[in-house]
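Have a look at the structure below, then the notes.
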Amino acid sequence: MVLVGLLAPMIFVRTPFYSREGYPVYQPVQFDHRHHVADDGIDCRYCHTTVEKSSTAGFPSVQTCMNCHSQVWNESPALRPVREAYFTGMPIRWQRVHRLPDFVYFDHSIHIAKGVGCVECHGRVDEMPLVMQTTPMTMGFCLECHRDPAPRLRPKEAIFDRAWKPPADRRALGLELMDRYDVHTRTSCTTCHR
Amino acid sequence: MSPMKRHLPLFGAATDRRTFLETMTAALALAGVEGCARPRGDALPFDRNPVDMTPGRPLDYATALPFFGYGVGMVGKTREGRPIKLEGNPDHPASLGAALAYQQAAIWELYDPRRAKIVLHDGQPAAFRSFLNWMHRKAADLGKTQGAGLRLLVDPTSSPSLKAMRKRIAERYPKSRAYSFSPSAPDARYRGTELLFGERHEVVYDLEAADVIVSLDADFLLTEPSSIRLMRQFADRRVPENKPNRLYVVECSLTTTGMNADHRFRARSVDIAPIGYALVAALAKATGTNELSSSFVETLRAASKTPAVERIPIEGIARDLARARGRSVVIAGLRQPPLVHAVAALMNELLGNVDKTVRYLPARLESTGAQSDELGELVRDIDRGEVEVLLIDAFDPVYSAPVDFDLGRRLGKVPHTVYTSLFADETSRNCEWFVPKAHELESWGDYQAQDGTVSIVQPLIEPLFQGRTQHELLAPLLDEGGGSARELVEGHWREEWKGRFDTEWPKALVKGAFTEQEQAERPNSSTDRLETALREAARQPAPEGIELALHLDARVLDGRYAYNPQLQELADPVTRLTWGNAALLSPATARRLEVKPGDVIVIENGDKSVQAPVYVLPGHADDSVSLSLGYGRLGAPHGTNAYLLRTSDALWFRVGVTLRKAGKREVLVTPQGHETMEGRPIALSTTLQGLEEERTHLAHMREPLPTLYQTWHYEGHRWGMMVDLSRCTGCSACVVACHVENNGPIVGPKDIARGRDMHWLRIDRYFEGTADEPSTIVQPVMCQHCEMAPCEYVCPVNATVHSDEGLNEMVYNRCVGTRYCSNNCPYKVRRFNWFDYQGRKTPVEKMRPNPEVTLRSRGVMEKCTYCVQRIERARIDARVQGRNIEDGDVKTACQQTCPASAIVFGDLNDDQSRVRDLYDDSRRYDLLHELNTRPRTGYLVRVKNPNPELA
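Sequence order for the protein chains is Z and E.
Counted the way the numbering used here counts, the first sequence spans residues 45 to 238.
Counted the way the numbering used here counts, the second sequence spans residues 11 to 961.
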């Protein structure tokens, strides 16, 4: 009984119930990445502007939405909260999908610089009507790649290419990229925990 | 109905009860599980894209902070629109990239929730607009009488725009008067130049070329203007490779400068003047000059006939000075009267030091005379009923003015008083209008350094509490009220630069420092006035009795920083006391009075008295009791208010006070219990003469000892840190810089008394020699990042591990709080969060922490990490740019702020790095080397340069 009491939570936190992998997150405005990315062809970086420069990928401001939606669908009731947010200055309460604990310091820019594509960790966002977490995003998940990055790298030109298909021997390509991009993944604790 | 339900109904258009119940039960069951899921929270985006600012990256702005009224150029690092760290501006000559504890702690003052937030009129909240309206009406009234009833009481400032505004006020209201007042004003030095040259000059010292420095009660390394620059110049000349200088200090109490002296002599403050006169006379003989008349020299000798002078080797010092003509300097301290400054300037003349180690420039601070004289005139104006409107922009005058002026009561007699300050304090209670001041980091303004370099003060954040700048307070008098702070400052520089404004202003803002070219002045000296003053001094008998000596504090200065808990909790470099001050007595005087440390004594100065606990300070002058100014304030009641003993005729010292026991004891709150090293080789010191021999001794304290464990070979970076004890002065700027950078908590006096200090870096201070004439040495101690760390072996959960680059890593999220690591650490550099010090924060305090460093909760151990967040940031930046980390990319917070450049951090595997040079220096030794911990932090032995003649 005690053993179950001890083991049950330990198993629980390793399941998707806890990590929320595969659970779409409802948003106050139904922003559809399929439409904006796959249909309209907007690059990830148009909205997530600081992914190559900063630790955070950047959450688009309401101004970014209104860049198009001041003209396109500018009277649509579905976009009313966006217009309201823009003109009142009160932001929309988006629900975060990917969230790491506060004691984890993740930096996007270094991953982009070394050939890790968006899809590796965030999945095919361009096929998601509602964004959901597709990878466990546990420390073990991060360490898997840090211990063996080769099969998870892609050429820098393909980082934002959602539909990129890896070659048959992905590992060989990865090893070559590790050499080219000077990839030395670190597994010491302070790489992420400061 | 929530937007979600509106747009994404969970159920179809219609549903039956069965489906509803099934779904709801399932939802209920899952809801329980949902609650156990990893928390996510909201994402609130910006409304408009911010210009320039990249979330996640810091943005630096150049600004300046005042120190004694002069500007110290700073660079403010902001994250997401709020400042989180201050560093010196490398382009500014007064900071040279460094900063003292006073400047590093300013972040805490900015985000202090106790700051004044609202305009008060007779104690009731009011709008700033109503204050402006009132001021405009009063200005109109005053205009009719040419300002006859208008008085300003202001902090002496070097700000060009503020001085211009005050000048315009004086022109517009010719009958008004402006009085400057600051309890720490350097006016004695100005008046000294007046005595010698006939007019006031700025005295700018330059220690780069100084081989011999004589300090007459001048704590020039810390509590004097330009101390940052002077400390850098001084420390650069302490290393054996740079032909070390020699420092003689004559002082009353032990100060930071005194701790670094090669020869230190103690004398009561009142005895330092005759010592100065005797030195001039001896110098006249040693240099063989004929610039001084024999009658003058006779007057000097007559004025220096006191027993105190006989204890000092005056002739020896004079000979040393004479040998260093043009390469020496005599500095008199701010506490000494103008005559001492005049004779110090005279000595610099005789030694040919002018334009070499001392320069005279136009005076920067506006002031027409002695601080207490001006305040005395204001008091007389009030008593005569001539004051209608009094504007106060000075540091808490009711608290800090000489007590015989009874300013608090007199303010009640003035019909209209206006006061501006960061905090509600003694003065605000006595004033009609209280306008919250904008913090320097929220203000527009400008300052000049002593050498004339101007820095524009630009805000790093909008005023948090609707504070107003000094310009905004004066503007209504000039019909400029309602003008924004920025307009008022820009307006001044538009006037100054005219057509050049559009090119010069952006340059000034970016660089943070610009110089208006000016010639050094070569004033003509005349000893006539001096001779008269000296004859007067010679007539007075040498005073006997116990002297009360008041000092500026190494932590709160004159009290203006007393509200800052960061500075209250910083241990004083000399006494190692926190959260308060103490009555400092020499061991002999304490024995004579039969008091022990902690006994409370009553100090009586005439009819005024205070109580203070005794601290027996080795090296303090006999028959003198020292008290630091700046404590016992309304909102910072710790310690004793020494201002209660300060009278206008004796601002800094007076002989003839009485001491008696109060019959009770008080706990002295200090994190350091030990005064001596007890013969152990901890902080090592040698002399220049004995250095070669010492180098061979130190070799035994460097080599690794045999071990059974396998040693690791570090291929990549091998981080290390070298601390040069020859350079370190003990100022403790690094302690505060580290604390601010790494989100260190403040624990309060009760926990400090329990030994629960949370500073990752401590400056141990040890005495050697005798209790009466000790030699002092300081040593900064932080985590040594041992390659064979005792703490790593014993952690049961592997919360502290060793990185592949040699860092002893602390992983806060794994720590369960067994404290075994701290138990095993021989250096005792680990700090434990006994309580949740970070937990309860007001919204304003939540803006303060550095987002790059984890906030530690209850039960977690923490320690110096070699600023790993800075290492990782440098690594990421370098790797994104496709290069490796270069030497100088990573500066730990302590290294970055040190004015003395005593701490060097870097890659030991990099043959070209500075740290490697120091690592290879044979002055290096490891702390507690015999334990074979193989620390990555090394110390370089301090090398003193005593005069062989004076052995």
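Note that CB positions come from ideal geometry on N, CA and C, so glycine has one too.
Who are the neighbours of residue i on chain Z, taking C-beta pairs under 8 angstroms?
i	result
E/Pro-55	Phe-103, Pro-104, Ser-105, Val-106, Pro-135, Ile-136, Trp-138
E/Val-804	Within 8 angstroms Cβ-Cβ: nothing; E/Val-804 doesn't reach chain Z, min ~17 angstroms.
List, in chain order, every chain Z residue whose beta-carbon is nearer than 7 angstroms to that of residue i.
i	result
E/Gln-794	Those within 7 angstroms of E/Gln-794 in chain Z number zero; the least Cβ separation is about 17 angstroms.
E/Gln-906	The contacting residues do not exist; E/Gln-906 stays about 17 angstroms from chain Z at best.
E/Gly-51	Arg-140, Arg-143
E/Asp-814	Ser-232
E/Glu-819	Ser-232, Cys-233, Thr-234
E/Arg-889	Ile-154, Ala-157
Along chain E, in chain order, which residues have C-beta atoms closer than 8 angstroms to that of residue i?
i	result
Z/Asp-146	Thr-864, Leu-865
I'd like the span of the alpha helix (DSSP H) that includes residue i, first residue to last.
i	result
Z/Phe-185	183–191
E/Glu-450	E/Glu-450 -> no alpha helix (DSSP H), and no H or E assigned at all.
E/Lys-148	138–154
E/Ala-352	348–360
Z/Gly-257	Nothing about residue 257 of chain Z can be reported from this structure: the residues present for chain Z run from 45 to 238 only.
So which of the options has the shortest CA-CA distance to residue i?
i	options	result
E/Ser-192	E/Leu-587, E/Met-145, E/Pro-76, E/Gly-555	E/Pro-76
E/Ala-354	E/Val-399, E/Val-953, E/Ala-291	E/Ala-291
E/Glu-442	E/Ala-136, E/Pro-790, E/His-749	E/Ala-136
E/Phe-777	E/Gln-906, E/Arg-586, E/Lys-606	E/Arg-586
E/Thr-828	E/Pro-836, E/Asp-814, E/Glu-802	E/Glu-802
E/Pro-166	E/Gly-208, E/Arg-374, E/Thr-155	E/Arg-374
E/Leu-488	E/Ser-536, E/Ile-179, E/Arg-333, E/Asp-814	E/Ile-179
E/Pro-235	E/Arg-933, E/Tyr-80, E/Thr-479, E/Asp-582	E/Tyr-80
E/Ser-431	E/Asn-59, E/Ile-692, E/Phe-405, E/Gly-816	E/Phe-405
Z/Pro-145	E/Lys-127, E/Gly-51, E/Gly-700, E/Met-63	E/Gly-51
E/Lys-185	E/Leu-708, E/Asn-823, E/Leu-152	E/Leu-152
E/Phe-415	E/Ile-402, E/Ile-392, E/Glu-862, E/Val-397	E/Ile-392
E/Leu-400	E/Pro-425, E/Arg-390, E/Glu-387	E/Pro-425
E/Met-711	E/Thr-233, E/Thr-316, E/Tyr-935, E/Ile-285	E/Tyr-935
E/Ala-884	E/Glu-896, E/Cys-874, E/Lys-873	E/Glu-896
E/Ala-646	E/Thr-588, E/Val-677, E/Ala-593	E/Thr-588
Applying a beta-carbon distance threshold of less than 9 angstroms, which residues of chain Z neighbour residue i?
i	result
E/Gln-879	Tyr-149, Thr-234, Arg-238
E/Pro-65	Thr-94, Ser-98, Ser-99, Thr-100, Gly-102, Phe-103
E/Ile-886	Ser-99, Asp-151, Ser-153, Ile-154, Ala-157
E/Glu-688	Simply none; closest approach about 36 angstroms.
Under 7 angstroms Cβ-Cβ, which residues of chain E neighbour residue i?
i	result
Z/Ser-120	Within 7 angstroms Cβ-Cβ: nothing; Z/Ser-120 doesn't reach chain E, min ~12 angstroms.
Z/Arg-64	Ala-47, Arg-48
So residue i and residue j are in contact, right, with Cβ under 8 angstroms, and what is the actual spacing, rounded?
i	j	result
E/Ala-104	E/Gln-460	7 angstroms
E/Ser-410	E/Asp-197	Rounded, the Cβ-Cβ distance is 15 angstroms, inconsistent with contact.
E/Met-798	E/Asn-942	6 angstroms
E/Gln-794	E/Leu-950	That pair is no contact at about 15 angstroms.
E/Thr-650	E/Gly-642	5 angstroms
E/Ala-328	E/Ala-283	Actually they are not in contact, since the Cβ atoms of E/Ala-328 and E/Ala-283 sit about 17 angstroms apart, beyond 8 angstroms.
E/Val-745	E/Leu-771	5 angstroms
E/Arg-248	E/Glu-261	Not confirmed; about 19 angstroms, so no contact.
E/Arg-880	E/Thr-902	6 angstroms
Since residue i is in the beta strand (DSSP E), which residue starts that stretch and which ends it?
i	result
E/Trp-443	443–446
E/Gln-789	784–791
E/His-426	426–431
E/Gly-81	80–89
Z/Phe-131	It is not in any beta strand (DSSP E) - Z/Phe-131 instead sits in the alpha helix (DSSP H) that spans 124–132.
E/Phe-777	772–779
E/Arg-952	952–954
Below 9 angstroms on C-beta distance, what does residue i contact in chain E?
i	result
Z/Tyr-130	Asp-57, Arg-58
Entirely enclosed beta strand (DSSP E) segments - the stretch 253–327 of chain E, minimum 3 residues: 256–261, 273–276
Restricting to runs no shorter than 3 residues, where is the beta strand (DSSP E) found entirely within the stretch 192–216 of chain E? 212–215
Could you tell me which whole alpha helix (DSSP H) segments of length 4 or greater appear in the stretch 663–699 of chain E? none
Please list the segments of the alpha helix (DSSP H) lying wholly inside the stretch 455–519 of chain E, counting only runs of 4 or more residues, in order along the chain. 480–484, 495–507
Which runs of the beta strand (DSSP E) at least 3 residues long sit entirely within the stretch 357–415 of chain E? Give them in chain order. 368–371, 399–403
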